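Numbering (our numbering), first residue to last: 81 to 502.
Okay, structure first, notes after.
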Amino acid sequence: MERAQIEATVLEMVKKAKGAARGLSAMPAALKNTILLEVGEALIAQQPYILAENHKDMVTAEQKGMSAAMLDRLRITEKGIRDMVQGLREVAALEDPVGEVSEMRRRPSGIVIGRMRVPLGVILMIYESRPNVTIDSAALCLKTGNAVILRGGSEAIHSNLALAKVLGEVLVKHGVDPAVAQVLGFTDREGIDVLLLQEAYIDLVIPRGGEGLIRAVTEKSRIPVLKHYKGVCHCFVDADADQEMAIPIIINAKVQRPSVCNALEGLLIHRQIAEEFLPKAASALKKEGVRILGCPLSRQICDETIEAAADSDWGTEFLDLVLTVKVVSGIDEAMDYIDQYGSRHTETIITGSYEHSQRFLREVDASAVMVNASTRFNDGGQFGLGAEIGISTTKLHAYGPMGLKELTTQKFIVYGAGEIRA
Numbered sequence: 081m082e083r084a085q086i087e088a089t090v091l092e093m094v095k096k097a098k099g100a101a102r103g104l105s106a107m108p109a110a111l112k113n114t115i116l117l118e119v120g121e122a123l124i125a126q127q128p129y130i131l132a133e134n135h136k137d138m139v140t141a142e143q144k145g146m147s148a149a150m151l152d153r154l155r156i157t158e159k160g161i162r163d164m165v166q167g168l169r170e171v172a173a174l175e176d177p178v179g180e181v182s183e184m185r186r187r188p189s190g191i192v193i194g195r196m197r198v199p200l201g202v203i204l205m206i207y208e209s210r211p212n213v214t215i216d217s218a219a220l221c222l223k224t225g226n227a228v229i230l231r232g233g234s235e236a237i238h239s240n241l242a243l244a245k246v247l248g249e250v251l252v253k254h255g256v257d258p259a260v261a262q263v264l265g266f267t268d269r270e271g272i273d274v275l276l277l278q279e280a281y282i283d284l285v286i287p288r289g290g291e292g293l294i295r296a297v298t299e300k301s302r303i304p305v306l307k308h309y310k311g312v313c314h315c316f317v318d319a320d321a322d323q324e325m326a327i328p329i330i331i332n333a334k335v336q337r338p339s340v341c342n343a344l345e346g347l348l349i350h351r352q353i354a355e356e357f358l359p360k361a362a363s364a365l366k367k368e369g370v371r372i373l374g375c376p377l378s379r380q381i382c383d384e385t386i387e388a389a390a391d392s393d394w395g396t397e398f399l400d401l402v403l404t405v406k407v408v409s410g411i412d413e414a415m416d417y418i419d420q421y422g423s424r425h426t427e428t429i430i431t432g433s434y435e436h437s438q439r440f441l442r443e444v445d446a447s448a449v450m451v452n453a454s455t456r457f458n459d460g461g462q463f464g465l466g467a468e469i470g471i472s473t474t475k476l477h478a479y480g481p482m483g484l485k486e487l488t489t490q491k492f493i494v495y496g497a498g499e500i501r502a
């Protein structure tokens, strides 16, 4: 498509989204929930159509030599559709935050002031592979009264358009403008660039994908971007940690799903217990196929099982069965290390000290800070938020997993009885 045509198409989309958002913000919670549940039923009913459209994407991706891991993310299966349906049911069951009023108080002037929770407006989702994000994101945005423009990867265009078609048919059935959830219907990358300039119509951009995608979106966008670049998560094993408890936590955090952003990438061990604990931990990790890269002291203790870490290994997001290990003098050195190499995603301490646990919670800067628990718990579902639209490692306006409340904001509301300001 030519640039002028792209700009015209995008402008039409964002204007429609802005207009549709106003009506959506006032939609009753019961209607939202009915639509979500019926979308689930429609996904099951139209499963053959969805799988056929996904097959088109799979064939093209295979012809282009896409990696096995990426193909796995792109593929929609019958189980994948069931998972989407379950996600829709979970979102429908959650309490609707829109319209919630809090902090009502009377001021000396006589006015009564409070805060009301309201939608953000129009959200732009930019994501790679994973067609399920189309349904997950649309569901969360619909529930919170936000219109959403969905720009998935070019490799999933047929899948995303098919899912959007199913969703749109249910919206139209209930008299809702289908512009509340639109998929960009062409794959030209210029489409993203044009969307990122639409600050008059789009209120927030949420990119989901690799660090390269997120940085590119952040650099080009005139619209606020909620993001996390990477997940470099650490575990500090304190001097008085329960060592029998620590090893399963470390194994779970590193091994269960090493390719995700809340997987463990760095292990810090207190010097006082390193000679006793490190061999046990290293042996357990090796049994799980983990390659360990360590500091000189850790290698002295376990010279046969730990390789020398290069300077570039510290603070690396491996997304694989690779882990750095460093022996530290205590909690202060551990927190200094995390401050230097962490990514503000998830950090955990294994300790029996209440004082140290509280210091770690207060002083470590991350979207989730944990005591005696696996980093893998930093997830919207695990935190009781239902589905999540992503994890933010920025602090404005959300920090951590983004559920329904994080897709809304609060405005001030005032009741008066004729008061005027003196």
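For glycine and all other residues, C-beta sits at the position ideal for the given N, C-alpha and C.
Please read all numbers here as calculations on a predicted model, not as lab measurements.
- Annotated three-state conformation of M196 is strand, per DSSP.
- At the C-beta level, V405 and I430 stay beyond 8 Å of one another.
- Of the residues assessed, G271 falls on the buried side of the cut-off, its CB having 16 or more other CB atoms within 10 angstroms.
- Here H254 is exposed: its Cβ has fewer than 16 other Cβ atoms, across all protein chains shown, within 10 Å.
- Rounded to the nearest whole angstrom, the C-alpha separation of D163 and A109 is 23 Å.
- The bridge partners DSSP lists for I471 are P481.
- By the criterion of at least three beta-carbon pairs nearer than 8 Å, the region 431 to 443 is not in contact with the region 390 to 407.
- Boundaries of the alpha helix (DSSP H) around E443: Y434 to E443.
- Where M184 is concerned, the enclosing beta strand (DSSP E) starts and stops at V181 to R186.
- If one requires a minimum length of 4 residues, the alpha helix (DSSP H) runs lying completely within the region 205 to 240 are 212 to 223, in chain order.
- Between the region 353 to 364 and the region 391 to 399, the count of Cβ pairs shorter than 8 Å is below three; the stretches do not touch.
- Measuring C-alpha to C-alpha distances from N452 to each of R424, N332 and K307 identifies N332 as the nearest.
- DSSP links P287 through a beta bridge to I206.
- The alpha-carbon of D216 is positioned some 39 Å away from that of A321.
- Between F492 and I193, the C-beta spacing is below 8 Å.
- Going by DSSP, A261 is part of the beta strand (DSSP E) stretching over A261 to V263.
- A173 sits in a helix when the DSSP states are folded into three classes.
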